[in-house]
Structures are given as C-alpha cells and as structure tokens.
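> First, the structure itself, so that you have it in front of you.
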C-alpha cells in the first residue's frame, strides 16, 4: 500500500514488505482506537525496548486483538496493519483525532518534534484525499454551476453595468483589472507521444489549419509552444552555454548523446558559439522557414541547437487563452529535451498522449503515462489512439485493454499497484482518424467522405468536447478558481464603491460648519493613523525579512534530507544486489535496477518536498496568526473562514509539481553497468562505486530542487505578504478616499447647495443599483 510505503521510508528510513501471515487488527474503530494508532505509528526502533515490557502496551495490543510484538520486525508488521486501518477508515474526524493524539505525545515528550513533523506531513488531510460526507448535496450544486465561458460572460456584463454609474477613477481601474484578469487567463494543453504518433496531424485538425506537421514542421524535433496572437510570428530559442555543457557531459556517458553531439559539432564547427550564448538567444523568423530550424530531416541540423519554439497565431481555436505545448517524441535521444518536456507538462492544465494504433503501448509510453499522473501533477490525461481508420473497433478495444494491462503490470513492477484505480480514473481514451479529420477541417472533406468518413466519425468532435468540458466546463477546477477569484475582486470593488457612496451621501446631509469640523477631526485621526500604519508596515517588513531568512535556512534542511536520499538510494541498490546474489546466485536484471533507482529518487524527492512544504507552512502559519491577533481591531483578517490564519489552505496547491523533471538516464546507465559487473566477493567495492556515481549525478538534482524550492517559496511569500498588506492598504485607501470626498464636498458646497436633494437621490439610486449587482455577483455559480 502506498501510504504504508511512504510511512516506512519517511519515518523509519526503510522499505518494508508485509507478510500476509501476520495477524490482522480485529477491533471496532472508535475515537480511542485512533489515539492508540497514534502511539503505535510513533514508535521507533529506539522505543521498542521501552514499550514492549509495559503492561499498558500489552493492554493496547489486547484492545487491537493482536499479540505483543516480540521484536522490531513484528512491531513493523503491526505498524503496517495500523497504517492500513488508518487509510481504510480515513475521515476528517478520525484524522483530526490522530493529529491531536500525535501532538499530545509530543507535548508529553513521547514523540520528538522532528518525528511529529514527519507524521503530520504523512497524514496531511490534503494528501489523504478526504471526501466530503454529503457528496449528494455537492453533486446537486455542481449541476447548477455555469461553465467558465458562461460565468465569464456574466461577470463581464456585471462590469459593464457597474461602469454605467458615476465611478471614481480608482474603481474604474479596479474594474479594468478584473476584466483584464478574466481575459488573460491561460489554459495549457500538453501534447506528447513517440515519434510518428500523429501529434501534428491531430493538432492541425483541432486548429483547422496546417500550422504544424508535414506542411510546415515535418518531423518536429523540438518542443513547440503555440499561443494566440493577432500577428503571426515564430521565435526559435537556442540552448545556452550551461545547458549545452550538460548535453556535452551526457555524451561522455550515453552513446546516443555522443552521436548527437558529434553530429552537431561536425555540422557547425566554430559557428556553434554564435548561437550558443551565456543566456539563451532567440531568432524571430518567418513561420514559412520554421521547418529548417525544427525538422530532424533538414541537412543543416539547426534543430540540434534549438531548445524550443514559440509560435503566435490568430487561430480561432486559441482565442479563449488556449496554449498548445507540442513536445518532441518520447524516443528523442536528447535527454535534456525530456527534462524541458516534463517541466512544461507539470505546468499544463491537461495532457493529451497520442499512441499509434499499429504500435500499441510501448514501455516508454507506459512509463511516461505513470510518471505524468503520479509525479508531474497531471490531473487530466486523454490518450488518443491515432490512425483509427486503419483498424476495426475490436482492434481499438484490444489496444485500450492492452494499455490498461501494461499500466497495471508496470505499477506492480514499481510496487505501486495500489495506484491503478487512481490512474485509470484520471485517464480517458478516444480513438481518432487524424488524417480524415484534417481533410474535413482544411476544405478537403470530399476526400474523407469518399473514404467513408463523415466528420462525426473521425473522433475530432469527441476530442473537442472533452477539451471544452475539461478546460471550461462547470466542473473544471481551474475554471472554478478563476471564476471565484474574479468574483472576489468584483465584490471587493463594488463594496469599496458602496462605502464611498454611503460616505458621500452622509456628507450631503451636513452643513458647511459640520463639514469643516469633520475635516478637523479627520486631520487629527490621520496623524494618529499614520503612526499606526507606520508601525504596522514595519512589523510586516520585519516578518517578511524573518520568513525570507527562514527560507534561506531551509537550504541546510534540504542538504541533510538529500544526503539521506542519496544514502537510501545507494542502500536499496546494494541491498537488492546482495539479496539477489544470496537467493539466485545471479545479478538482478537491468529492468529491476532501473525501477529501484527511479522509484527511490522520485519517492524520496516527494518526501523531501513534503517535509519542506510542512516547515514552510508552519512558519507562514505563525506569521499570519501574529498579524491577525495584533491588528484584529483594524479589521485585519485574512483567514479562510477560520479563527486564525489557515496557511495550509493558502498554499493548498503549491510544492506539488516541477521537482521531478531531472532525467536520471546517466545515473541509471552507470548503476546498471556496475551491477552487470558486480561480484559477490567484491560488494564493498561495488558499494563505493555506486556511492561515487550517485554523488556525481545528484549534483544537478540537488541544484534543481534547491533553486525551484527557493523560487517557489519566494513567489509564495511575495503573494502571502501582498495578502497580508491588503487589509492595511484597503484601510489607507478608504481613509484617503473619504478625505478626498470630504474636501470635494467643502469645495463645492455652495455650488451643490441648490441641487443637493437631487444629488442625494442619484447617489441613493446608485447604491441600490450597486447592491443589486452585488447580490447577483454573489449568487453566481
């Protein structure tokens, strides 16, 4: 079970295999049981000799109807069963009990702070995917939700309605910002597959023009980003010196890379330095000349130096903010391109993976699909079976079933078969005849009809419906986030304008003397408020400096965790080789070694980032609560419907992607070669050799993780303190607005005196209109 694997690796630093013969837990699950579970999962090897002789521990075991463990192995078996029980009976209430019990153990010095941190991270409710109890109610609400495009139209109509009123310049600017926010959102679609899978043909059919593929970019060897632009353009970006240096280093270890580098140097000679610069250089070129830069078939081999391509097009398909990320084939020999692909895929809103029906699912396909769903944050994956016109329906079903079976077998090889249901729920399958769809979409429909294919039979309409529903449908998570954010911005803008209108209406009822007196009082308050604002700003600046220093200190934490990861990776390889020699007198196969290395590194990095995330969130939690408590009287509240600031809610979807993009091909190659030469009597030498390889190849992994962790943290901190500053800024702006309104009323008092009643009526109508719009905005689903 995945949670148990995570527990033993994260908490005990071991891999543990449960024996089916070990007695199961047989008890009624209640509040007391989850407190008992907390004690058992917190036990370490050091605790074993202390726990087992205790009568109280014997009673706990009796409560679970299990024998008292006689050794550490039996304790681990018990812990494994406890983890299974926790997972099977997970609910918000039970997990809350577990957390409180763990914290109680910590407060009583039974559980160390470090171990508490690990266990809380392991049993993070967001990681356990807890479901709401009243699912039927949620489904009922979901059915009433508008799609993103419908909600966007409604919000823009509200903005136009508000603009019909007399507004301050600040409010007009805020409305423009809200409209701009809605119209600048991007929805990225990542397209992957092996060479000749039919990616370009399908994309051309979707975009109704041959912007990619044989007409312009035959056998594209580079990642291409296609985005909307009123004017068509093409930019080609080249490798920088640091990236090219890594490519050259790879050539020292991989034969495929050696050939690539030699071909490139032979082709370009001294001209190589004109294109490879310290910072990535790009050329703006005519889109008609693009194939000479990106085609693997071109004799000039410029594609060898191109890192990625950016294309601007005014195609209708792209107008809603859709960006296409067309990746090079998975079988690309240049491993650095795979890293770029993974980096982009991890940021995409969904992924389409294409497979040629005649080639079925290759091992590379299956590994990539599993990696995308489990490690690259892909939550929507569509597998498109291309060239469907060449086979019958039974063959298509066979390909789909074969793919599912291959995924299951590969998950078993990685000891992650419990993830099968999750992956299959994430994946959808659609067969397509890309060639026939392209004929229909490029005014050659008669050719398709003559071949027996109407547009409805090509599969392209099903893909379009799937994309539209996934990106813009009522249940699209990203669309929901954007809609709610726009609603929030609009509500704040309306409320701000309402406050100003209410104040203006209030002032209209005052005499000139009363207005003058109010201005005097306002000046006094302004002086006091200025001192308070200065103190608050200084506090916030101090907190920001403190938390940024804390981020710097977390680099030492990463060093320690990554050192442990290196040791764990080495130990898993060496232990497996030793075990295989003892059991079979043979070396383990290369495929097994590859799985061991890949899963050790990827699962280990996930654990490291999970712990890093926990530390980051706890620090942010403390700062948020201090600010709320200190300045609560000024309306300073940034919580997520909680009494105190909810940092976990604030950073809910961060630190979940982009950390697993490094290609480990060189390390795997080195280790598998070392394993193929390993001898039973020289395992100490083998141990040192593996340690050396891991140490060398982990440099890039460590650098990548540290840079990304710090970058993500700093971006989040800037957003966090922007949120912290918002109540202060709103308070200051409200005072400035009130002062301006008050001064204007004094300056125009005589002029407005005759029409004061009408002004009051107009403002009152405006307030009512704003309130009506506000209620409509709040009611928008």
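Numbering (the numbering used here), first residue to last: 719 to 1499. Cβ coordinates follow ideal geometry from the N, Cα and C atoms, glycine included.
Residue 1402 to residue 1295, Cα distance in whole Å?
Cα to Cα, the separation comes out at about 12 Å.
> Using the beta-carbon count (16 or more within 10 Å), is residue 841 buried or exposed?
So residue 841 ends up on the buried side.
> When you compare each of 903, 774, 888, 726 to residue 836 by their alpha carbons, which one comes out closest?
The option with the nearest alpha carbon to residue 836 is 726.
> Just the Cα atoms here: how many angstroms apart are residue 1499 and residue 1332?
Taking the straight line from one Cα to the other gives about 33 Å.
> Please classify residue 1306 as buried or exposed, where buried requires at least 16 other C-beta atoms within 10 Å of its C-beta.
Looking at its Cβ environment, which holds 16 or more other Cβ atoms inside 10 Å, residue 1306 is buried.
> Considering only their Cβ atoms, is the gap separating residue 807 from residue 746 smaller than 8 Å?
No, these two residues do not count as a Cβ contact at 8 Å.
> Which runs of the beta strand (DSSP E) at least 3 residues long sit entirely within the segment 1009-1044? Give them in chain order.
As far as the segment 1009-1044 is concerned, its whole beta strand (DSSP E) runs of at least 3 residues are 1024-1031, 1040-1044.
> Between residue 951 and residue 1039, is the Cβ-Cβ spacing less than 8 Å?
Taking 8 Å as the Cβ cut-off, residue 951 and residue 1039 do not qualify as a contacting pair.
> Within 8 Å, do at least three Cβ pairs link the segment 1092-1099 to the segment 1063-1070?
Flag = yes, the segment 1063-1070 and the segment 1092-1099 touch.
> Tell me the DSSP bridge mates of residue 1252?
Its beta-bridge partners do not exist; DSSP assigns none.
> In terms of residues, what are the limits of the alpha helix (DSSP H) holding residue 1411?
Unbroken alpha helix (DSSP H) run through residue 1411: 1401-1465.
> CA-CA distance, residue 762 and residue 1375?
Their Cα atoms are separated by approximately 31 Å.
> Apply the 10 Å Cβ neighbour rule to residue 1474 and answer buried if 16 or more other Cβ atoms are within range, or exposed otherwise.
Counting Cβ neighbours within 10 Å, residue 1474 comes out exposed, since fewer than 16 surround it.
> With residue 925 as the anchor, note down where its alpha helix (DSSP H) starts and where it stops.
Per DSSP, residue 925 belongs to the alpha helix (DSSP H) from 917-925.
> By DSSP, does residue 1051 sit in helix, in strand, or in coil?
If DSSP states are grouped into helix, strand and coil, residue 1051 belongs with coil.
> Residues in its own chain within less than 7 Å of residue 734 by CB, not counting five upstream and five downstream?
Closer than 7 Å at Cβ, skipping near neighbours: 726, 794, 798.
> Applying the criterion that 16 or more other CB atoms from any shown protein chain within 10 Å of the CB defines a buried residue, is residue 1215 buried or exposed?
Buried, by the Cβ-count rule.
> Taking 6 Å as the limit between beta carbons, can you name the residues of its chain near residue 1262, skipping five residues before and five after?
Result list for residue 1262: 1439, in chain order.
> Inspect the beta-carbon positions of residue 915 and residue 1073 and report whether they are closer than 8 Å.
It is a contact, given that the beta carbons lie within the stated cut-off.
> Taking just the CA atoms, how far does residue 1021 sit from residue 1015?
Straight-line Cα distance between these residues: approximately 9 Å.
> Here's a check: name, in chain order, each residue in its chain whose Cβ is nearer than 6 Å to the Cβ of residue 851, leaving out the five neighbours to either side.
In this predicted model, residue 851 has a pLDDT of only 41, less than 50, meaning its place in the structure is not dependable enough to derive any value.
> What does the Cβ neighbour count give for residue 1199, buried or exposed, with the cut at 16 atoms within 10 Å?
Exposed, because fewer than 16 other Cβ atoms sit within 10 Å of the Cβ of residue 1199.
> For residue 1001, name the three-state secondary structure that DSSP assigns.
In this structure, residue 1001 counts as strand in the three-state DSSP scheme.
> Nearest by alpha-carbon distance to residue 792: which of 823, 825, 758 is it?
Comparing Cα-Cα distances from residue 792 to each of 823, 825, 758, the minimum goes to 758.
> Can you tell me where the beta strand (DSSP E) holding residue 909 begins and where it ends?
905-911 is the extent of the beta strand (DSSP E) around residue 909.
> Looking at residue 940 and residue 1012, is the spacing between their C-beta atoms short of 8 Å?
Contact: yes.
> How many Å lie between residue 779 and residue 787 at the Cα?
The alpha-carbon atoms of residue 779 and residue 787 are separated by roughly 9 Å.
> For residue 1081 and residue 1320, what's the separation of their Cα atoms in angstroms?
Between residue 1081 and residue 1320, the C-alpha separation is close to 18 Å.
> Is the distance from the Cβ of residue 878 to the Cβ of residue 1381 below 8 Å?
Not in contact: residue 878 and residue 1381 (Cβ atoms no closer than 8 Å).
> Do residue 1117 and residue 920 have their C-beta atoms closer together than 8 Å?
No. Outside cutoff.
> Please list the terminal residues of the continuous beta strand (DSSP E) segment that includes residue 953.
It spans 951-956 - the beta strand (DSSP E) in which residue 953 sits, taken as one unbroken run.
> So that I know if they touch, is there some Cβ in chain B lying closer than 8 Å to that of residue 898?
Protein chains in the displayed structure number just one, and chain B is not present.
> By alpha-carbon positions, which one of 1347, 1293, 1398 ends up nearest to residue 732?
Residue 732 has its Cα closest to that of 1293, out of 1347, 1293, 1398.
> Less than 8 Å between the C-beta atoms of residue 1315 and residue 1393, yes or no?
The answer is no: Cβ separation not under 8 Å.
> Pick out whichever of 1227, 1274, 1417, 1313 has its Cα sitting closest to the Cα of residue 1471.
That would be 1227, whose Cα lies nearest to the Cα of residue 1471.
> Measuring only the C-alpha atoms, how far is residue 859 from residue 1494?
Because the pLDDT at residue 859 is just 36, under 50, the model does not fix this residue reliably, and the value given afterwards should be weighed accordingly. Near 17 Å, if we compare the C-alpha coordinates of residue 1494 and residue 859.
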